[in-house]
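For the record, in the sequence shown the residue sitting at position 107 is 89 according to the working numbering, with numbers rising by one throughout. Notes follow once the structure below has been shown.
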Amino acid sequence: MKRVFLIIFSLVVMSSMCFASIDAQYLMSMSIGGVQLDSSEEYVRSIYGEPERIEYDKHLNGNNSQGSTVYTYVYGDTFRILFCGNNHIPMSVGEITSNANNGIKTEAGLSVGNAESTITKVYGTENLKTYHDENGVIKYVYTIGRGFGRGFTVYVKHGKIIEIELSS
């Protein structure tokens, strides 16, 4: 009997470790609107075409010893893709944000306008922390890595998703 218990307990522990690594791997390959972190500008333009405008970070662009550059492709008023790079790292997607029900979704189907309850139904609670601000917005933050790790943040107000963001 003791041996059966140990076998069952071992299987449960091993399966929970597998689920944790699946969640981390999933976040590494996640996309919003078909765009993943580290995608190239060419790839983004192949999906969405030329942006309506490009916004530059005046404080960072080329002003440090690394020659860092940051700019954002803006599509309408509701979809933004930030690119970053420097003298040693080619420009690539560092952040993707959608803040309206504009048809932009994660590959799992989550989008602005969905009910708050769909967040954990779709993504579970592994690597999740929640934060409340003074304006009544709840942030659901899924992260992996430390420091400059990757994160998926879902902003909720009055029970509805108001913004989704994938960043590194």
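Beta carbons: idealized from backbone N, C-alpha and C, even for Gly. Everything numeric in this text was worked out from a predicted model, so none of it was measured.
Can you tell me whether residue i is helix, strand or coil according to DSSP?
i	result
V26	helix
I86	coil
S13	strand
V94	coil
T60	coil
I111	For the sequence presented, residue 111 should be read as Lys rather than Ile. Reduced to three states, the DSSP call for K111 is strand.
Return the chain-ordered list of same chain residues with a C-beta closer than 8 Å to the C-beta of residue i, the five sequence neighbours on each side being excluded.
i	result
E34	V56, Y57 and G58
S3	A caution first: S3 carries a pLDDT of 29, below 50, which makes its placement in the model too unreliable to give a value.
I101	L92, Y122, V136, V138 and I143
Expressed to the nearest angstrom, what Euclidean distance is found between the alpha-carbon atoms of residue i and residue j?
i	j	result
V52	G133	18 Å
S28	S22	10 Å
S149	L19	7 Å
Y30	I86	11 Å
M12	T88	7 Å
C66	I14	17 Å
What does the Cβ neighbour count give for residue i, buried or exposed, with the cut at 16 atoms within 10 Å?
i	result
H140	exposed
V94	buried
I143	buried
V104	exposed
Y124	buried
Using DSSP bridges, identify the partner residues of residue i.
i	result
Y137	K121 and E145
H70	None, per the DSSP bridge assignment.
Spatial neighbours of residue i within its chain, please: CB distance less than 7 Å, with the 5 preceding and 5 following residues excluded, ordered by chain position.
i	result
T60	S80, N81, A82 and N84
Sorted by chain position, which residues of the same chain lie with C-beta nearer than 6 Å to residue i's C-beta, five sequence neighbours on each side aside?
i	result
V119	Y137 and K139
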